[in-house]
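Chemist: Dropping a structure here in structure tokens format, bear with me for questions.
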Amino acid sequence: MNEQRVLIVGATSAIAEATARRFAARGHSLYLLARNGERLESLAADLRVRGAARVFHAPFEANDLDAQEALLARVDSELGGIDQVLVAHGTLGDQKACEASVEATLQELNTNALSVIALLTRLANRFEAQRHGCIAVIGSVAGDRGRQSNYVYGTAKGALAIFLQGLRNRLAKSHVQVLTIKPGFVDTPMTAAFPKGPLWASPEKIAADIERAIERKRNVLYTPFFWWPIMAVIKSVPEMIFKRLSL
Amino acid sequence: MPIQGWGRYPSVDARIDLPLTVSALAGQVAGGDGLIARGMGRSYGDSALAPHILGTRALSHLLAFDETRGLLRCAAGTTLAELLAVFVPRGWFLPVTPGTKFVTLGGAIASDVHGKNHHLDGCFSAFVESLVLVLGDGSRVACSRHERPELFHATCGGMGLTGVIVEAELRLRRVESAYIHQTTYKAANLEEALALFEAHHGTTYSVAWIDCLASGASLGRSLLMIGEHARDRQLVLSAGRPLSVPVDSPALLLNRYTMQAFNSLYYNRVRTAESRQRVSYDSFFYPLDGIHQWNRLYGRQGFLQYQFVVPKAAGLDGLRSILARIAESRRGSFLAVLKAFGPANANLLSFPVEGYTLALDFKRERGLFELLDELDERVLEQGGRLYLTKDARMSEATFKRSYPLWERLQAVREQYHARGTFTSLQARRLGLE
């Protein structure tokens, strides 16, 4: 692959960092957006040492939708165009807190769905015009079916999945790849408080799968692969039975 | 949540934080007490156990690399495995490496780890140019041999008791290959083994696997492996898939008979007095890393690793008296390693002194602690000491007798606000409050 110009949104998420390291090793140029400025700066240094051709970074607030257009213009001019974008920002909100608070619920939906949809709306027009490239977005297996343990997060990721389906359909004729990434349980600082079992995967494993899925022009990626059959079963349980399960 | 070291004994109920930035970590240090840093959790005993644990794994960024001098500035939560993956293909290797690459840079410094080249190159800290430490008051300071040298020498080998190492500058070693030319020699007993170490003093890497169950005329029979970096320009290894031990092995599986059988097979597998091979750096330096979670082989009760050094002056007879006691106990395991050390360094708690070190595993079972206490006595009689990174049970008296510079460590800790903030179960046990 030639040098690609890659925009990474939510670049300091564990999955994004691991994926960025693979891009850096290939000598790509990277533009990193994230909220945590201190970590962003040290990540940029890391990716330079690992071989990235050029690394830029800028602060990013997911829910400041008005700032998006100016930010993308800045990315365009500094990076000289965008061949790939990886959208990885998000929060794993507390389901119980969401149930108790409308604000918390809307905040979750804003961060995990609306801010991404707003950004993708702007990016889609650019990619449609340039007629090449890849839009990769981190969704979740949680978006495949609503469950009592995390349906607010699941709603956001589910909305995103449907938005991406439509976008994929629209951009197919422009030769733009739209990749929906659905990781299962990933061992990251975001999930540090959860007890881990055999279904848990490392961010490095997820990153390797993402890189391969981009290369192979895939549409939907379940990662690790075993989540595809697991979710196929979960999706096929009739609602009459499903509603009685404690999932 | 219950946390253990690699030996799975002892256990502590701890709160673990995994800060994403040095500022966040410093904030937690400033407001905390009874805390200790932890990287990959590969120290065997209780040196990275405390009621409040600060995990450093999220601080794993490479910060700068000077390609001409091989000088790497790096966050301390980076593992040696991550460094090897990036730098071996570019022709750089770790200057010193322990027997596992699954340790963090910070952990390697705090333990001042040694490797198969200690007799020539010294400990890990010999290649650390400088480091950055978060002190007990949350402030950040740099130290090196020239800047705050007393803090540097207390921190290298200091088991995390002076502060949290968050960044270091490490000098890498130029190599021309990812492969090692290995030669294996058979030694029929301890005397032959020590003579072989002597004869190969000029070789970069040397280590011996020793059969701790052999006794009498075969006491100390071993396989000495020496190695040099190949020069064949092959810098990339073909990928192998690691095995894993998915569940705890039944405790009975490893007993004196299975271990004796394993040891005999292992020793007799090498048929000639001398054999040569070209092997990958992974198989030469990290044979056990190929089996993830091998510590589960010892079952739920866990195990203790016992590593001591006796000074050269104690020599063959000193080592033989300790080895004879281990062989007589019939408890020693199949993972016993003998190594010749070069001179000691200037760090206050670094383990190596010029002489011989032996490391072996003991399954935790009844009567073991009594045996280890007895071995402690013999080690002290020879003027030797135990490796803190492996230790889970030595007494305060044993420690203070064999690490005479401990009082200087306490003075440095006092000066830099470490006392009252940084502690571990080990520090409490050894009287380093």
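Chains as they are written, first to last, in UniProt numbering: chain A, 1 to 247; chain B, 1 to 433.
Ideal placement from N, C-alpha and C gives every residue a C-beta, glycine not left out.
It should be emphasised that the depicted structure is a prediction, and the values quoted were computed from it without experimental measurement.
Leu43 of chain A touches chain B at which residues, Cβ-Cβ below 8 Å?
Modeler: Indexing the first sequence from 1 puts residue 43 of chain A at position 43. Chain B residues near Leu43 of chain A: His61.
Chemist: Tell me, please, whether the stretch 23-40 of chain B touches the stretch 396-412 of chain B by the rule of three or more beta-carbon pairs shorter than 8 Å.
Modeler: no
Chemist: Are the CB atoms of Arg8 of chain B and Gly302 of chain B nearer to each other than 8 Å?
Modeler: Taking the second sequence and counting its residues from 1, the one referred to as residue 8 of chain B is at position 8. Taking the second sequence and counting its residues from 1, the one referred to as residue 302 of chain B is at position 302. Yes, these two residues count as a Cβ contact at 8 Å.
Chemist: Closest to Ser177 of chain B by CA distance: which of B:Glu167, B:Ala230, B:Glu198 is it?
Modeler: As a working note, residue 177 of chain B is residue 177 in the second sequence. For Ser177 of chain B, the nearest C-alpha among the options comes from B:Ala230.
Chemist: Which residues of chain B have a Cβ atom closer than 9 Å to the Cβ of Glu38 of chain A, listed in chain order?
Modeler: Reading the first sequence from its first residue, position 38 is the one you call residue 38 of chain A. Correct list: Leu20, Thr21, Val22, Ser23, Ala24.
Chemist: Could you compute how far the alpha carbon of Asn110 of chain A sits from the alpha carbon of Ala159 of chain A?
Modeler: Counting from one through the first sequence, the residue named residue 110 of chain A turns up at place 110. Counting from one through the first sequence, the residue named residue 159 of chain A turns up at place 159. Each residue's alpha carbon lies about 11 Å from the other.
Chemist: Using a C-beta to C-beta distance shorter than 7 Å, which residues of chain A count as neighbours of Ile86 of chain B?
Modeler: The residue labelled residue 86 of chain B in the question sits at position 86 within the second sequence. Here the sequence assigns Val to residue 86 of chain B, which means Ile is not the residue at that position. Those are Arg50, listed as they occur along chain A.
Chemist: So Gly45 of chain B and Gln415 of chain B are in contact, right, with Cβ under 8 Å, and what is the actual spacing, rounded?
Modeler: Counted from its first residue, the second sequence places residue 45 of chain B at position 45. Counted from its first residue, the second sequence places residue 415 of chain B at position 415. Gly45 of chain B to Gln415 of chain B, Cβ: 27 Å. No contact.
Chemist: At the level of alpha carbons, what is the spacing between Gln307 of chain B and Tyr387 of chain B?
Modeler: As a working mapping, residue 307 of chain B is identified with position 307 in the second sequence. As a working mapping, residue 387 of chain B is identified with position 387 in the second sequence. Each residue's Cα considered, the two are about 6 Å apart.
Chemist: Considering only C-alpha positions, which residue in the set A:Leu71, A:Ala172, A:Lys96, A:Thr105 is nearest to Val9 of chain A?
Modeler: Start at 1 with the first residue of the first sequence, and residue 9 of chain A comes out as number 9. With respect to the C-alpha of Val9 of chain A, the residue from A:Leu71, A:Ala172, A:Lys96, A:Thr105 having the closest C-alpha is A:Leu71.
Chemist: Using 8 Å as the Cβ pair cut-off and three pairs as the minimum, do the stretch 63-82 of chain A and the stretch 108-126 of chain A touch?
Modeler: yes
Chemist: With DSSP collapsed to three states, give me the class of residue 436 of chain B.
Modeler: Because chain B in this structure spans residues 1 to 433, residue 436 of chain B falls outside the shown range and cannot be described.
Chemist: Beta-carbon within less than 6 Å of Ala108 of chain B's beta-carbon, same chain only, minus the 5 sequence neighbours each way: which residues are those?
Modeler: The count along the second sequence starts at 1 and reaches residue 108 of chain B at position 108. These residues qualify, in order along the chain: Phe124.
Chemist: Along the beta strand (DSSP E) that carries Gln177 of chain A, what are the first and last residues, could you check?
Modeler: Here residue 177 of chain A corresponds to residue number 177 of the first sequence, with the count starting at 1. Segment 177-183, the beta strand (DSSP E) holding Gln177 of chain A.
Chemist: Closer than 9 Å by beta-carbon distance: list the chain B residues that pair up with Asp144 of chain A, in chain order.
Modeler: Residue numbering aside, residue 144 of chain A sits at position 144 when the first sequence is read from its first letter. Chain B residues near Asp144 of chain A: none, gap ~28 Å exceeds 9 Å.
Chemist: Beta carbon of Ala75 of chain B, beta carbon of Leu59 of chain B: below 8 Å?
Modeler: As a position in the second sequence, residue 75 of chain B is number 75, starting the count at 1. As a position in the second sequence, residue 59 of chain B is number 59, starting the count at 1. Against a cut-off of 8 Å, the Cβ pair of Leu59 of chain B and Ala75 of chain B comes out as a contact.
Chemist: So, is Pro195 of chain A buried or exposed, given that buried needs 16 or more other C-beta atoms within 10 angstroms?
Modeler: Looking up residue 195 of chain A in the first sequence gives position 195. Per the 10 Å Cβ criterion, exposed.
Chemist: Do you know offhand how far Leu92 of chain A's Cα is from Arg145 of chain B's?
Modeler: Mapped onto the first sequence, residue 92 of chain A falls at position 92. Mapped onto the second sequence, residue 145 of chain B falls at position 145. Approximately 45 Å between the Cα atoms of the pair.
Chemist: Answer with yes or no whether the minimum CB distance from Ala75 of chain B to chain A is below 8 Å.
Modeler: For the purposes of this step, residue 75 of chain B is taken as residue 75 along the second sequence, with counting starting at 1. Judged by the 8 Å Cβ criterion, Ala75 of chain B is in contact with chain A.
Chemist: Can you check whether the C-beta of Phe93 of chain B is within less than 8 Å of a C-beta belonging to chain A?
Modeler: As a first step, residue 93 of chain B must be located in the second sequence, where it is residue number 93. So no, Phe93 of chain B is outside the interface.
Chemist: Is any beta-carbon of chain A found at less than 8 Å from that of Ala58 of chain B?
Modeler: Against the second sequence, residue 58 of chain B aligns to sequence position 58. Ala58 of chain B counts as touching chain A.
Chemist: Quick one: Cα of Leu84 of chain B to Cα of Phe93 of chain B, how far?
Modeler: For the purposes of this step, residue 84 of chain B is identified with residue 84 of the second sequence, where counting begins at 1. For the purposes of this step, residue 93 of chain B is identified with residue 93 of the second sequence, where counting begins at 1. Each residue's alpha carbon lies about 7 Å from the other.
Chemist: Name the chain A residues whose beta carbon is nearer than 7 Å to that of Ala340 of chain B?
Modeler: Numbered from 1 along the second sequence, position 340 holds the residue referred to as residue 340 of chain B. What Ala340 of chain B touches in chain A: nothing, since even the nearest Cβ is about 36 Å away.
Chemist: For chain A, check one thing: does any of its Cβ atoms lie closer than 8 Å to the Cβ of Phe369 of chain B?
Modeler: Stepping through the second sequence from its first residue, residue 369 of chain B is reached at position 369. So, not an interface residue.
Chemist: I'd like to know if Ala64 of chain B contacts chain A, where contact means its C-beta is closer than 8 Å to some C-beta of that chain.
Modeler: Position 64 of the second sequence holds residue 64 of chain B. Yes, Ala64 of chain B lies at the interface with chain A (some Cβ there is under 8 Å from its Cβ).
Chemist: Return yes when the Cβ of Leu131 of chain B is within less than 8 Å of the Cβ of Glu167 of chain B, no when it is not.
Modeler: Within the second sequence, numbered from 1, the residue matching residue 167 of chain B stands at position 167. Within the second sequence, numbered from 1, the residue matching residue 131 of chain B stands at position 131. Yes; because the gap between Cβ atoms is below 8 Å, this pair is in contact.
Chemist: Chain B beta carbons: is any one of them nearer than 8 Å to that of Pro59 of chain A?
Modeler: As a first step, residue 59 of chain A is located in the first sequence; it is residue number 59 there, counting from the start. Not closer than 8 Å to any Cβ of chain B, the Cβ of Pro59 of chain A fails to qualify, so no.
Chemist: Less than 7 Å between the CB of Gln277 of chain B and some heavy atom of the ligand MN, yes or no?
Modeler: Looking at this structure, you won't find the ligand MN or any other ligand, since it has none at all.
Chemist: Residue range of the beta strand (DSSP E) that Ala34 of chain A falls in?
Modeler: Mapped onto the first sequence, residue 34 of chain A falls at position 34. Looking at the DSSP string, the run of the beta strand (DSSP E) that includes Ala34 of chain A is 29-34.
Chemist: In whole angstroms, give me the CA-to-CA distance for Ala81 of chain B and Pro95 of chain B.
Modeler: For the purposes of this step, residue 81 of chain B is taken as the residue at position 81 of the second sequence. For the purposes of this step, residue 95 of chain B is taken as the residue at position 95 of the second sequence. Distance from the CA of Ala81 of chain B to the CA of Pro95 of chain B, rounded to the nearest whole angstrom, comes to 14 Å.
Chemist: Hey, out of A:Ala34, A:Met231, A:Ala124, whose CA is closest to Leu171 of chain A's CA?
Modeler: The sequence position of residue 171 of chain A within the first sequence is 171, counting from 1. Answer by Cα proximity: A:Ala124.
Chemist: Evaluate Gln177 of chain A with the Cβ neighbour count: other Cβ atoms within 10 Å of its Cβ, from every protein chain shown; 16 or more gives buried, anything less gives exposed.
Modeler: The residue given as residue 177 of chain A occupies position 177 in the first sequence. Counting Cβ neighbours within 10 Å, Gln177 of chain A comes out buried, since at least 16 surround it.
Chemist: If you run the structure through DSSP and keep just helix, strand and coil, what is Asp391 of chain B?
Modeler: Start at 1 with the first residue of the second sequence, and residue 391 of chain B comes out as number 391. Asp391 of chain B: coil per DSSP, three-state reduction.
Chemist: Which two residues bound the contiguous alpha helix (DSSP H) that contains Ser115 of chain A?
Modeler: In the first sequence, residue 115 of chain A corresponds to position 115, counting from 1. Start and end: 115-130.
Chemist: So, at 7 Å on beta carbons, what are the nonlocal neighbours of His201 of chain B in its own chain, with the 5 sequence-adjacent residues on each side left out?
Modeler: Translated into positions along the second sequence, residue 201 of chain B becomes position 201. His119, listed in sequence order.
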